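J.:
4 protein chains.
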Amino acid sequence: MNSAIFTDSNFAQEGDLVQLQGTGHRSHLLVLEAGAVLQTHRGVIRHDDIIGTAWGTRLESHQGNPFYLLQPSLSDLIKGLKRGTQIMYPKEISYILFHMGIGPGKRVIECGTGSGGLTTALAYMVGTTGKVYSYERKAQIQDLAIKNLTKFGLQNRVDFKVGNAEDGFDEENVDAIILDLPNPQEYLHHVRKSLRGGGSLGMILPTFNQVEIILRELKLANFAMIEVSEILQRFYKTDWARLRPVDRMIGHTGFLIFGRKVDRLAAEDSDDEAFDDEQGNQD
Amino acid sequence: MNSAIFTDSNFAQEGDLVQLQGTGHRSHLLVLEAGAVLQTHRGVIRHDDIIGTAWGTRLESHQGNPFYLLQPSLSDLIKGLKRGTQIMYPKEISYILFHMGIGPGKRVIECGTGSGGLTTALAYMVGTTGKVYSYERKAQIQDLAIKNLTKFGLQNRVDFKVGNAEDGFDEENVDAIILDLPNPQEYLHHVRKSLRGGGSLGMILPTFNQVEIILRELKLANFAMIEVSEILQRFYKTDWARLRPVDRMIGHTGFLIFGRKVDRLAAEDSDDEAFDDEQGNQD
Amino acid sequence: MNSAIFTDSNFAQEGDLVQLQGTGHRSHLLVLEAGAVLQTHRGVIRHDDIIGTAWGTRLESHQGNPFYLLQPSLSDLIKGLKRGTQIMYPKEISYILFHMGIGPGKRVIECGTGSGGLTTALAYMVGTTGKVYSYERKAQIQDLAIKNLTKFGLQNRVDFKVGNAEDGFDEENVDAIILDLPNPQEYLHHVRKSLRGGGSLGMILPTFNQVEIILRELKLANFAMIEVSEILQRFYKTDWARLRPVDRMIGHTGFLIFGRKVDRLAAEDSDDEAFDDEQGNQD
Amino acid sequence: MNSAIFTDSNFAQEGDLVQLQGTGHRSHLLVLEAGAVLQTHRGVIRHDDIIGTAWGTRLESHQGNPFYLLQPSLSDLIKGLKRGTQIMYPKEISYILFHMGIGPGKRVIECGTGSGGLTTALAYMVGTTGKVYSYERKAQIQDLAIKNLTKFGLQNRVDFKVGNAEDGFDEENVDAIILDLPNPQEYLHHVRKSLRGGGSLGMILPTFNQVEIILRELKLANFAMIEVSEILQRFYKTDWARLRPVDRMIGHTGFLIFGRKVDRLAAEDSDDEAFDDEQGNQD
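Now the structure itself:
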């Protein structure tokens, strides 16, 4: 039986993916199975005590420690991921989804899969009517992602493929392509072949040197509406009487670069200073 | 015939919502109609010259000015919105969608509608299998939003309702509720009645004074996993040989506050300092 | 013999305060003394091998580890401070000095002393013609600061005083007063008594709740030109071929609040929305 | 008679440089002169009505508009500068002064002068016992700076020099050198000749491409303790009941790069990844 994050029932049932959320943001993701038992640092919880319980209920371990019974949100899924590779945060993933319009029914290529964080988000959003094609050079890395997506009940929305970006992509006419690679400029001709006219290309790159290279190449390869940005998220302590930002924050993840495939650039867009004032004055 | 942003064809067709993107990020959203004509500052374009043309093609006005023929992305729709009220940017909307897990099939209450920016994003993401219930006190404001959503072909995904938040919401058991109001603390009992167990509540508030009040009240009303943050987006100029951030940036929109409905808070979560270190150390 | 950070000689001499800077930003501050020996994790260095050596020379410990011989900068002094209390970073201290115009000849009250980080900076900048009056409630805390300032050769520029802010300050007509206290609003009448007409008051406060209180009180106490801001510093990795911000940054220290003593506020300045557009549009 | 920003009197006197601060951060800098008259958009003020008045007094124009009588702070001087060239903000200038330890008695070379903003700050801080040597290629630009500094009574602390950086600097053994030029890498040999051992070099550069170049060259030229950062300042509205950041902020000025002259780099410092973790974890 597959686990499922999507249920309309008000009560947790066998096969459901549930999040047991302890205090202090420590949580457990598990698929409910009759007779099974969850061992935690804060005590033991029997699955049978969860099955049939209403979502949002406060449970207790045998040691009396509290856990909330929740359906994991998309954000919870990605935070709970077992990671082998580089990190992308909700702040980046959410903007990529939004800017590229990745919603129900969309067909999207992702290269590479990594530990499946972005894959999870893509699969969640394209729904049962869309499809994600996720390429990864190393089968071993992709196995972890497949395991993660299967646990989430999202594996049917993804075609996992082991392959080199050098060889191009099998699909044509997809709505969006995301290159999560250090040298995306080498694959722009493959992107053009697989992306539909006007389709959206997205990339994340950690260094300015890489951004400089891709910006030059995107224009040569006839991508328009180029946008470069980064997203910073500032968390606040939740004590209402001592409201203040947290002391440390993530200072850098990567730069987000987007472009749209057009048949040929206008002269003004080949010129480097275009667009920028408008971007700076967002409203 | 309704316009549609969702088409699988490689060619623009009558009834499609298209974006004509000029250089310098100036663009036009229009529904293609045989015989119609678009008047712009940069010249005239006949709809008949667009119908049947491949997406991503560079067109020219009769004055020779270039326009790319694109399907508007979700981001384009929201940027192109006619606005009567307060602004929420893609950086905020995208994070709200993601953090609250608003994807295909979800049922969401939004209060109030405003000019429909967030409504558009919600409707886009819930797909044809989900539903958005959008409340607004003033019919006149909502009319603009309805007009916007209709143009985008998204109106069937939304129940627009004119009503006061004081009177509560008609729906029950929804997955998520977003309060875009100055005084959300006054409606938490209504939220609890309409939100499913473990469901997600989201708010955006511009001042710290408001955040202080809602934080206190959220705990009293048994909302767990409270998160407060703000999102900053820094755009870069796209000239690869002079790479640098733009000179001015949006310094403030609002604080994003989220919580999950549970039956009763654990003692530790009633205590104000909980969670916070974990939030600051995101990975 | 006093140590001294101020020397015009090109060579390190006995009594000089020197910084031995190892690689990886690990450094040692020491006063040169004939016959003494410095023990480090990276080996032993004899003071006699330093005395008479040119500033900027690369020395080696007996284990062959490299150290640069430098005069400590103001920034080095403050980073090297032994700390007992709360942290203020160079980014905050530098702006306080600048905004309040604390330079040669100025007379400044600081309350409280803490571990002497800000005291060091004030003493450095007022020179031999100015004076710092540094108040601290607890003698024990101030002892550490006195020890630090003495090591730096700056102790003669400071009058250290043990006393409660409730009792006011002995001085009159000083150029600037800095309150580094959680409840500055309680001492504004003392500030007015000791500060010259038009003089500058500075404060640093960690929470928004505190800022709200002091803003209200500053206006009631006739302080004009009120400014509230915070300073963020983003460091970059220094690898030219992989240029990028560091992964983590300081997310919060405190809010800097400034005002100028005037005899009575104009009506417009009592009104809360004044000034602000101008501040947002700095140039 | 020279104007002076430095006065110990409690009353404004003829020859003093005064700031008349209207509401809304609009202010006038003027040197008091018996019989003179100030014309403003908000009415006329006679200098004779100012002379002899206590600092901090609220005056009124003949139209009844309020002005505070203040001594300009360093920050006020720089904001009040007539500008011909590129902008550096208080947030940058203050950190440069602090990080390079520019205080009483220091000898500093600045290249180029520009409109004299940084020159003003340097002259203010080095006092009467220090000296600023300010180079500018174009006499015409420097004339404006000389005029500004003379108005401030700071001109005796500066040697203004018209000359090309290619020809090097006349001084030797200075404590600090600041290059405010687009191509500082071309003058590092001149910097080494004029800077004392262990002395501090500072630069501000607007693009990442420039930063990449200078980072490579600084290591080749034996500069140690290299630091790259940028400073962001976030202003808040001062309405205590609606506390929030201002809507727009300065998104970019330039990157601050610092290094210390040593005789030869250690092997580890030639390696690019050195130092950086320490910088990210500032405390």
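Protein chains in written order, with my numbering: chain H, 51 to 333; chain U, 51 to 333; chain Z, 51 to 333; chain L, 51 to 333. C-beta: ideal position from N, C-alpha, C; glycine also. Source: prediction; values computed, not measured.
Taking contact to mean 3 or more Cβ pairs, one atom from each stretch, closer than 8 Å, check whether the stretch 119-131 of chain Z and the stretch 209-216 of chain Z are in contact.
T.: Using a C-beta cut-off of 8 Å, the stretch 119-131 of chain Z makes no contact with the stretch 209-216 of chain Z, since fewer than three inter-stretch Cβ pairs fall below that distance.
J.: Identify the contact partners of L:Asn115 in chain H, using a Cβ-Cβ distance below 9 Å as the criterion.
T.: By Cβ distance, chain H contributes nothing, its closest Cβ being about 33 Å from L:Asn115, past 9 Å.
J.: Looking at chain H, which residues of the stretch 260-276 of chain L have a Cβ within less than 9 Å of any of its Cβ atoms?
T.: Val261, Glu262
J.: Of the residues that make up the stretch 232-263 of chain L, which ones have a beta carbon closer than 7 Å to any beta carbon in chain Z?
T.: Arg246, Gly247, Gly248, Ser250, Phe258, Val261, Glu262
J.: What distance in whole Å lies between the Cβ atoms of Z:Ile263 and Z:Phe305, which are believed to be in contact at a cut-off of 8 Å?
T.: The pair is not a contact, with the Cβ atoms about 12 Å apart (cut-off 8 Å).
J.: Sorted by chain position, which residues of the same chain lie with C-beta nearer than 6 Å to Z:Ala271's C-beta, five sequence neighbours on each side aside?
T.: Leu238
J.: Any chance you could list the beta strand (DSSP E) runs of at least 3 consecutive residues sitting entirely within the stretch 199-278 of chain H, in chain order?
T.: Runs found: 208-212, 224-229, 245-255.
J.: For chain L, check one thing: does any of its Cβ atoms lie closer than 8 Å to the Cβ of U:Phe56?
T.: Residue-level contact by beta carbon fails for U:Phe56 and chain L, as no gap is shorter than 8 Å.
J.: Whose Cβ in chain H lies nearer than 7 Å to the Cβ of U:Met150?
T.: Ser123
J.: According to DSSP, is L:Leu120 part of a helix, a strand, or is it coil?
T.: strand
J.: Taking a Cβ distance cut-off of 9 Å, strictly less, list which residues of the stretch 290-310 of chain U are near chain L, in chain order.
T.: Trp290, Ala291, Arg292, Leu293, Arg294, Pro295, Val296, Asp297, Arg298, Met299, Ile300, Gly301, His302, Thr303, Gly304, Phe305
J.: Classify L:Arg314: buried if its beta carbon has 16 or more other beta carbons within 10 angstroms, exposed otherwise.
T.: It is exposed - the Cβ of L:Arg314 has fewer than 16 other Cβ atoms within 10 Å.
J.: Which value, in whole angstroms, describes the spacing of the CA atoms of Z:Gly113 and Z:Val94?
T.: Contrary to the premise, residue 113 of chain Z reads as Gln rather than Gly in this sequence. Their Cα atoms are separated by approximately 7 Å.
J.: Can you list, in chain order, the residues of its chain whose CB lies under 8 Å from that of L:Gly106, leaving out five sequence neighbours each side?
T.: Tyr118, Leu119, Leu120
J.: Compute the Euclidean distance between the alpha carbons of U:Met138 and U:Gln283, then round it to the nearest angstrom.
T.: 13 Å
J.: Buried or exposed: H:His302, going by 16 or more other Cβ atoms within 10 Å of its Cβ?
T.: buried
J.: Report the CB separation of L:Arg292 from L:Tyr286 in whole angstroms; it is logged as a contact under 8 Å.
T.: So it is not a contact: roughly 10 Å between Cβ atoms.
J.: Give a yes or no on whether the C-beta atoms belonging to U:Gly153 and H:Met299 are separated by under 8 Å.
T.: no
J.: What I want to know is whether the C-beta of L:Trp105 ends up closer than 7 Å to one or more non-hydrogen atoms of the ligand NAD.
T.: As for the ligand NAD, it is missing from this structure, which has no ligand bound.
J.: Which class does U:Val68 belong to by DSSP, given the choice of helix, strand or coil?
T.: strand
J.: Specify the secondary structure class of U:Arg298 as computed by DSSP and reduced to three states.
T.: strand
J.: What residue range does the beta strand (DSSP E) around L:Leu80 cover?
T.: 77-81
J.: Buried or exposed: H:Asn60, going by 16 or more other Cβ atoms within 10 Å of its Cβ?
T.: exposed
J.: Which of helix, strand or coil does DSSP assign to H:Ile101?
T.: The answer is coil: DSSP assigns H:Ile101 none of H, G, I, E or B.
J.: I'd like the span of the alpha helix (DSSP H) that includes H:Leu88, first residue to last.
T.: Element bounds for H:Leu88: not the alpha helix (DSSP H) but the beta strand (DSSP E), 87-90.
J.: When you compare the CB of Z:Ile101 with every CB in chain L, is at least one pair closer than 8 Å?
T.: Put simply, the CB of Z:Ile101 is far from chain L, with every gap to its CB atoms at 8 Å or more.
J.: Going by the beta-carbon positions, is the gap between Z:Glu186 and Z:Thr200 smaller than 8 Å?
T.: no
J.: Starting from H:Ser144, find everything on chain U with Cβ-Cβ shorter than 8 Å and list it in chain order.
T.: Simply Ser144, Tyr145, Leu147, Phe148, His149.
J.: Tell me the DSSP secondary structure of H:Lys156 in three-state form.
T.: H:Lys156: coil per DSSP, three-state reduction.
J.: What three-state label does DSSP hand L:Val182 in the structure shown?
T.: Strand, per DSSP.
J.: Within the same chain, show all residues whose beta-carbon is closer than 7 Å to that of U:Thr169, passing over the 5 residues directly before and after it, in chain order.
T.: Correct list, in chain order: Glu160, Thr163, Val182, Ser184, Ala195, Leu199, Val208.
J.: In whole angstroms, what is the alpha-carbon distance linking H:Val296 and Z:Leu109?
T.: 41 Å
J.: Report the CB separation of H:His149 from U:Pro140 in whole angstroms; it is logged as a contact under 8 Å.
T.: Correct: roughly 7 Å between the Cβ atoms.
J.: Under a Cβ-count criterion, where at least 16 other Cβ atoms within 10 Å of its own Cβ denotes burial, should H:Phe325 be classed as buried or exposed?
T.: Because the pLDDT at H:Phe325 is just 44, under 50, the model does not fix this residue reliably, and the point stays unresolved.
J.: So the candidates are U:Gly203, U:Lys243, U:Gly151, U:Asn115; which of them puts its Cα closest to the Cα of U:Val68?
T.: The residue from U:Gly203, U:Lys243, U:Gly151, U:Asn115 with its alpha-carbon nearest to that of U:Val68 is U:Gly203.
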